[in-house]
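Have a look at the structure below, then the notes.
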Amino acid sequence: MTAGKRLLAIDLGASGGKCFVGTFSADGFQMEEIHRFDHGGVSFFLADRGGAVTERTHWNDTAIYAEIIRGLHAYRRQFGPHLDALGIDTWGADAQWISADGESLGRLYGYRDHRLDGIVEELCRLIPPEKVYAITGIHFLPFNLSNQLLWFIRNRPELLKAAVKVLPVPTLLNYYLGGCTEVDSTWASITQLMDARRARWSPTMLRALKIPARVLPGIVAPGTAIGALRPPLAESVGLAPARIVAVGSHDTASAFAAAPVQDTRDALIISSGTWSLIGRLVARPVTSPAARAANLSNEGGIGNTRLLKNCMGTWIVQELLRVWETADGQRMPWAEVDRLQAAAPPFGGFIDPDDRGFFNPANMEQAILAYLSRTGQPAPSGRGALLRLVYESLALKYREINATLNTVTGLPARVVHIVGGGCGNVLLNQFTADALGLPVQAGPREATAVGNLMVQAVGLGLLPNLPAALPLIRQTFPITVYNPQSPGVWDAAYQRFRAVRD
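For the sequence shown, the residue numbers in this note's numbering are 750 to 1251.
Given below as structure tokens:
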């Protein structure tokens, strides 16, 4: 390992961002956070060209960029002017149109926008779903970039005429920093426009959706150095022009890369956060009829494929807290969330976390109560019971997805790795161990940033390959083990969970 190199990971989720410095030296690896900020979608109620007023959700990419600059200033104040490289990872949806003058065309749309309701069905009328899956290996979600671009082509054709590029969010931010327009294969894979076996844009998909190839960014491998900070920008911050590396820019790809897996053949990985991404690492895409029927996704990994399923994660709880904050005038602390749910009686009811009613309701509490009423279940007695119901349902959903993955791969999981912000939820970790009847290893909590830094290190030659990073990860970050305690009780709960599904 080359000594004394410092890299910056810029990790952007759907509700906030963080900047971490990773130091690689002869003594090993260290990581520390230097900047953190909140952000989120902003709702506008606007009249369209027909006069209908509808809700539109947009990201404030200008504010996100400003926070990244603050992160660069924080680095310079603490470490001085030399930074070896930086990499950006983000959530896996949304892109911005760019003009020939390098300017954004309009606001950056957010993936929870209701404009995409019904768009999957429109796409499947243009190209058979089995053909889409055979080419891309990606499951059908309304916010896939394939659907978003189809919506733009049909509803905002003037943007397509004016644009020279459409840049995914991580590429957009790299473009702001250094003029880079490439996207790495992990993010490109989830667009439902990339040929999963060739890591290039699919001509078949582009023709079917009438997307001109000229607007799409070039695809590069994770770890590729794609440019450097623009000299005037670097000078304004007080830094030398650090290299920009295309990491696993889909945050889940970076998180999976940091899971300290001993044997990929028997490890289930859960990246736990606003979304829960539950999957297995496989050598190549699995596009069998069974995988398509299960709506599994083959997302690009770092030298592998992540066969996984998206599941709603802590979004449901975050929205409950938002509703209660509006009612109470103050935010419920996470410590109180943990206390209330731990004190509530078990198995008072069940929801399907992936029910469309929970995707973006005006009031999450009312959405859950409506689901319970519709499925003939009693309303929970208090907030603690409601919180526990959500977390127990998440664990049971994990069990259901694990069973599907076991069947499709033919290799039963024997251990669960939970990484990401949700791995600090002690009760959910124990619920997961109990529901699946498997040991859970929780950590690292900041797995996305860890994976981001490790991919940079491999790309710059500081590490020979990603497997060489795993000992560093195990040595640096604590891993907490949860063993199953009451599998019989959870077996009965699982049967009830499946019985009440719509």
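Cβ atoms here follow ideal geometry from the backbone N, Cα and C, with glycine treated the same way.
- In the DSSP assignment, Y1140 falls outside any beta strand (DSSP E) and within the unbroken alpha helix (DSSP H) covering 1132 to 1158.
- Ranked by Cα distance from A1006, the options V1230, P1102, G1169, A1134 are led by G1169.
- In this structure Q1126 is not in contact with G1159, their Cβ atoms being roughly 35 Å apart against a cut-off of 8 Å.
- Secondary structure at Q1090: helix, using DSSP grouped into helix, strand and coil.
- In this structure, the beta-carbon distance from D933 to L1209 does not fall below 8 Å.
- Beyond the five residues adjoining it in sequence on each side, S764 comes within less than 8 Å, by CB distance, of D787, H788, G789, T1023, Q1067 in the same chain, given in chain order.
- Contact between I887 and I968 does not hold, since the beta-carbon distance rounds to 15 Å and is not under 8 Å.
- Taking a 10 Å sphere around the C-beta of R826, we find fewer than 16 other C-beta atoms and assign the residue as exposed.
- If the five residues before and after W936 are omitted, its C-beta is found closer than 7 Å to the C-beta atoms of G841, P917, P919, S998, H999, all from its own chain and listed in chain order.
- DSSP lists V1189 as the bridge partner or partners of Y1231.
- Here L1154 is not near R1055, since their CB atoms are 8 Å or more apart.
- Its Cα nearest to that of G1050, the residue T1001 stands out among R1163, T1001, V1189, L982.
- G753 has no beta-bridge partner at all, per DSSP.
- In the structure shown, W840 adopts coil according to DSSP, grouped into three states.
- As DSSP reads the structure, M780 sits in a beta bridge with G771.
- In the three-state reduction of the DSSP assignment, G997 falls in the coil class, being assigned neither a helical nor a strand state.
- Nearest Cα to L1219 within the set Y1231, P1233, L1202, V1230: L1202.
- Distances from the alpha-carbon of R1088 to those of G1133, I1065, S1122, E1074 put G1133 closest.
- For F794, the uninterrupted beta strand (DSSP E) segment begins and ends at 791 to 796.
- The stretch 982 to 991 makes no contact with the stretch 1170 to 1185; the number of CB pairs closer than 8 Å stays below 3.
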